[in-house]
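Asks: With the working numbering, the residue at position 229 of the sequence shown is 244, and numbering never jumps.
Take this structure, written in structure tokens, and hold onto it; I'll ask about it next.
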Amino acid sequence: KPFHRLLLTGAAGGLGRMLRERVKTWTEIVRLSDVADMGAAAEGEEIVRCDLADNAAVRAMMEGVQAVLHFGGISVEARFEPIMQANILGLYNLYEAVHKAGVKRVVYASSNHVTGFYQTTELVDATMPQRPDSFYGVSKCFGEALSRYYYDRFGIETVCLRIGSSFPEPRNARMMTTYLSYDDLVELIRCALFTPRVGHTIAFGNSDNDTTWWDNSQAAHLGYQPKDSSRAFAHLFPDTAERPPADDPTTIYQGGPFVLAGPQY
Ligand code: NAI
Ligand code: 15L
């Protein structure tokens with residue numbers, strides 16, 4: 016197998032639980048980490064329960080690791096304080112540990128909410144300014160900037176995946192555009208891990224859906240070719256179904272409901 020030990024953070028989460036099995040084709044040992052319970056270690060697994068905000072624990076978690084799939088952290092809008100701990104301080108702790116442990120590559124679960132305040136009529140590419148739609152989106156912007164710094168300063172490569180909506184199936188009409196199937200996510204991660212030179216790459220993560228808001232040409236060198244499409248789920252959201260009005264912010268902006276969060280936090 017190409018790797019001896021891969022670290023997967025966020026292993027107790029929705030994507031982490033799916034990736035736990037799938038990454039085993041690439042690595043002899045997968046080290047699984049989360050602040051939440053991950054159950055018992057199976058063969059080829061190591062379990063390290065730790066809070067990303069704990070610098071010393073993150074350092075220890077990184078020992079002997081060759082590459083990182085960073086899927087841990089707050090994954091939706093929340094109060095600023097926990098986002099700051101997990102996604103901002105946590106990212107700093109992670110990259111310091113990566114640097115000290117000599118890890119060469121990170122695949123970072125960024126998010127489409129880095130650009131959620133672009134309108135759904137716009138086509139966004141990775142050269143365009145970030146327009147986060149939430150504190151959560153701002154924290155992902157920080158992760159993209161921090162990983163850029165660690166590449167420019169130390170040569171540590173990162174592929175930032177601006178994941179759309181990666182669930183077993185789209186959950187609403189918006190996700191017909193943002194849907195990323197689990198198989199396509201695994202393929203995107205494979206491309207991010209094994210493309211020889213990625214430098215610092217930002218890639219949008221979506222399946223081959225009938226509509227898109229994203230131009231992925233800046234990530235063409237990854238060679239990612241989605242195989243699935245939200246088309247298979249079109250029957251779930253017929254045109255006659257009730258939707259927010261056209262002048263509703265959740266319809267105008269790509270971030271959907273995330274653009275309405277904020278003051279209440
Ligand atoms: P999730 O919320 O199910 O999983 C995140 C995991 O991170 C949880 O198990 C949680 O316990 C852990 N975590 C939270 N705070 C932590 C801390 N301080 N220390 C250690 N672990 C902590 O989210 P999901 O859907 O699995 O997403 C995984 C990653 O992908 C997240 O970073 C999310 O922002 C990103 N993402 C996911 C998308 C999706 O459609 N599922 C879309 C865009 C981005
Ligand atoms: C995200 O960044 C979230 O982690 C996920 O839970 C979904 O809400 C997704 O974006 C989305 O935009 O659908």
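For every residue, glycine included, the Cβ atom is placed at its ideal position computed from N, Cα and C.
So, are the CB atoms of Trp228 and Thr142 less than 9 Å apart?
Replies: no
Asks: May I ask whether a heavy atom of the ligand 15L can be found less than 8 Å away from the beta carbon of Arg189?
Replies: yes
Asks: Could you tell me which of Phe150, Phe18, Lys115, Val139 sits nearest to Gln233, measuring between CA atoms?
Replies: Shortest Cα-Cα distance from Gln233 to any of Phe150, Phe18, Lys115, Val139 involves Val139.
Asks: Quick one: does the C-beta of Ser162 sit closer than 8 Å to a heavy atom of the ligand NAI?
Replies: no
Asks: So Ser244 and Asp223 are in contact, right, with Cβ under 8 Å, and what is the actual spacing, rounded?
Replies: 5 Å
Asks: Assign His85 to buried or exposed, taking buried as 16 or more other Cβ atoms, counted over all protein chains shown, within 10 Å of its Cβ.
Replies: Classification for His85: buried.
Asks: Using C-beta distances below 6 Å, list every residue in its chain close to Thr216, excluding the 5 sequence neighbours before and after it, in chain order.
Replies: Answer for Thr216: Val174, Ala234, listed in chain order.
Asks: Between which residues of its own chain and Tyr165 is the CB-CB distance below 8 Å, once the five residues before and five after are set aside?
Replies: Tyr110, Val113, His114, Ile171, Thr173
Asks: Counting only runs of 3+ residues fully inside the segment 144 to 184, write out the beta strand (DSSP E) ranges in chain order.
Replies: Counting whole runs of 3 or more residues, the segment 144 to 184 contains the beta strand (DSSP E) stretches 172 to 178.
Asks: Nearest-angstrom Cα distance between Gly117 and Thr40?
Replies: In this model, Gly117 and Thr40 are separated by some 23 Å (Cα to Cα).
Asks: What I want to know is whether the C-beta of Asn70 ends up closer than 8 Å to one or more non-hydrogen atoms of the ligand 15L.
Replies: Relative to the ligand 15L, the beta carbon of Asn70 is positioned no closer than 8 Å to any heavy atom.
Asks: Using C-beta distances below 7 Å, list every residue in its chain close to Ala27, excluding the 5 sequence neighbours before and after it, in chain order.
Replies: Asp49, Ala51, Asp52, Met53
Asks: Secondary structure at Asp230, three-state DSSP: helix, strand or coil?
Replies: strand
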